[in-house]
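K.L.:
Those protein sequences? They're chains Y and X, same order as listed.
So for the first sequence, our numbering puts the first residue at 54; every next one is plus one.
So for the second sequence, our numbering puts the first residue at 54; every next one is plus one.
C-beta: ideal position from N, C-alpha, C; glycine also.
It should be emphasised that the depicted structure is a prediction, and the values quoted were computed from it without experimental measurement.
My structure is below; once you've seen it, I'll send some questions.
There are 2 protein chains.
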Amino acid sequence: MARGGLGRVALLGTGLIGGSFAAALKRHGLASHIVAYSAGDAHAALALGLVDEVAEAPEAAVAGCDTVVLAAPVSVNADLLARIAPALAAGVLITDVSSVKRAVVDAARRHLGAALPGYVPSHPIAGSERSGPQAADAALFRNRTVILSPLDESEPSKAARLESVWQRLGATVVRLSPQEHDRIYALVSHWPHALGFALGAAVAGNGVADDLVGPGLLDLTRTAASSPALWADILLQNGGPALDAADLVAEELAHIRAAIRDGDRESLIALFSRAAAWRGRFG
Amino acid sequence: MARGGLGRVALLGTGLIGGSFAAALKRHGLASHIVAYSAGDAHAALALGLVDEVAEAPEAAVAGCDTVVLAAPVSVNADLLARIAPALAAGVLITDVSSVKRAVVDAARRHLGAALPGYVPSHPIAGSERSGPQAADAALFRNRTVILSPLDESEPSKAARLESVWQRLGATVVRLSPQEHDRIYALVSHWPHALGFALGAAVAGNGVADDLVGPGLLDLTRTAASSPALWADILLQNGGPALDAADLVAEELAHIRAAIRDGDRESLIALFSRAAAWRGRFG
């Protein structure tokens, strides 16, 4: 294993993100052994060569591991923390890859006890409308941002080690507090997914023939092909910030509606130009 | 020129769609000569080899032409019809490529007189967030849908000729009445663009660092990089149907908000699954 790696890794959750993380650690020699547990697809991940071993329970997976990675849906990650706490080895580094931090951080504070300083939350800003270990990609984190949200209690050396691992997988690491993370991602990811689902549902419910749909709508609804259960979970776990983000978008929509109703071309162009100037920065 | 082509063509408007149509007609030998008029970029289109000649006024452009193509913004197309009507040759085929049909159809009925049966509205469901003749692409209409909206007054032989030309450019032609066209495209294109602009404006207005933005938001806001003036024009011209479409999307958003507030996971999953099943059909 390369220096500064994660040693023996327990991977709890073997979907797109967990599977891709395992594949990336192996490609870069950053794990000596990966033992997976998942309620669903750990055996598929083993068959795909993403992990080395499957455990039949999360407690068994984490026993003797240097690192534990929680990569199940966010509410499951919170529950898993309670289950694995008694089985953790001393000095273990624990991270999660959840899209919402509050519930997992709360569960960590409640359950980890002496192991809490070993917990450093992560959130890779990567993904796809595909899911499952079959969609795993060792290059998923290259040229992507990973948010690291160390707690006040987190050991700086563990945060530094995890930061270095993400960087060696090709990611740029940005540090945000868990609260700031949840506020920002409600606006740039969680509520936007709700918008995509709402738009898809509105079109689906109004009998539009498929061949009338153009490329713009397909871009706007690409996220609507994502896992319904996963996104329901994320929006419920980040409910407060998601509804705040909904209000911010609703305010802009109300301006657009009023401008259309009033024939106010100047206001429409001003609002659209603000959006276009922002979006134009990304190509 | 190939049989069944458009002969001498006047192209009024030389942006992305007009320029691409000119390039495609030339590539397929479906125009003998293309004379362009535009308030802005006709000379650029000439320099790019998209058209053969530039006229300094729309009346001069259409004189002696077999076909007139209105490819300016929708409100300009309506105004152009009034200007060119007296200068049209007998038997001319007139089409437009506007994203909204009502205003152009109303102007045609008001101004074309004896030339009205030669008018057959078109709307190619193609485009890009880029604009201008520099973005023109002779292959833009390949594997795309083109809506043909003949009026009750339109000559069937002219509609058939235009349909055949679009098909020879690689498009699939679907016929819809102008009213049905405007209702459907409010829902699948016009209001969705407003959603993309609103989302972009909300993120732009809340100081989110660029490197925190993930691929999902970039998909959802790709259309927000489109021309603000063009989309303000489209939404104002199709205001009634756009606001009706806004209501349909708002209804789904209200369900999502209520479900988040009430912790109603089943409702969220049901709504998201309807959207995902629809979107999954497109890949």
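1. Could you tell me the alpha carbon to alpha carbon distance between residue 209(Y) and residue 193(Y), rounded to whole angstroms?
2. In terms of alpha-carbon separation, which member of 322(Y), 138(Y), 217(Y) lies closest to residue 56(Y)?
3. Give the secondary structure of residue 294(Y) by DSSP, where H, G and I count as helix, E and B as strand, and everything else as coil.
4. Can you name the residues of chain X whose CB is closer than 8 Å to the CB of residue 261(Y)?
5. Would residue 335(Y) count as contacting chain X if we go by Cβ distances under 7 Å?
6. Strictly under 7 Å for the Cβ-Cβ distance: is residue 219(Y) near chain X by that measure?
7. Using alpha carbons as the reference points, say which of 303(X), 285(X), 261(X) lies closest to residue 331(Y).
8. Below 8 Å CB to CB, which residues in the same chain sit around residue 109(Y) once its five sequence neighbours on both sides are set aside?
9. Quick check for students: name the residue ranges of the beta strand (DSSP E) that lie wholly in the stretch 83 to 155 of chain X, counting only runs of 3 or more.
10. List in chain order: all unbroken alpha helix (DSSP H) runs of 4+ residues lying wholly within the stretch 161 to 241 of chain Y.
11. Given a cut-off of 7 Å, decide if residue 118(Y) and residue 61(Y) are closer than it, judged by their beta-carbon atoms.
12. Shortest alpha-carbon distance to residue 298(X) belongs to which of 252(Y), 230(Y), 205(Y), 276(Y)?
13. Considering only the alpha carbon of each residue, which of 280(Y), 65(Y), 103(Y), 246(Y) lies closest to residue 340(Y)?
14. Of all the options 175(X), 129(X), 199(X), which has the alpha carbon lying nearest to the alpha carbon of residue 160(X)?
15. So with Cβ pairs under 7 Å, would you call residue 138(Y) a contact of chain X?
16. Give every residue of the same chain whose Cβ lies closer than 6 Å to the Cβ of residue 111(X), excluding the five residues on either side of it in the sequence, and list them in chain order.
17. Taking DSSP as the reference, what is the three-state secondary structure of residue 63(Y)?
18. Can you give the Cα-Cα distance for residue 71(Y) and residue 149(X), rounded to whole angstroms?
19. Report the rounded CA-to-CA distance for residue 229(X) versus residue 269(Y), giving the unit in angstroms.
20. Inspect the CB distances between the stretch 265 to 281 of chain X and the stretch 306 to 320 of chain Y and report whether three or more fall short of 8 Å.
21. Does any residue of chain Y have a CB that is nearer than 7 Å to the CB of residue 255(X)?
22. Of all the options 73(Y), 272(Y), 276(Y), 82(Y), which has the alpha carbon lying nearest to the alpha carbon of residue 180(X)?
23. Shorter than 7 Å from the beta carbon of residue 149(Y) to some beta carbon of chain X?
P.N.:
Let me spell this out:
1. 26 Å
2. 217(Y)
3. helix
4. 237, 240, 241
5. yes
6. no
7. 261(X)
8. 90
9. 86 to 90, 120 to 123, 146 to 149
10. 209 to 221, 231 to 238
11. yes
12. 252(Y)
13. With chain Y represented from 54 up to 336, any question about residue 340(Y) goes unanswered, as that position is not in the structure.
14. 129(X)
15. no
16. 65, 90, 133, 136, 137
17. strand
18. 51 Å
19. 20 Å
20. no
21. yes
22. 272(Y)
23. no
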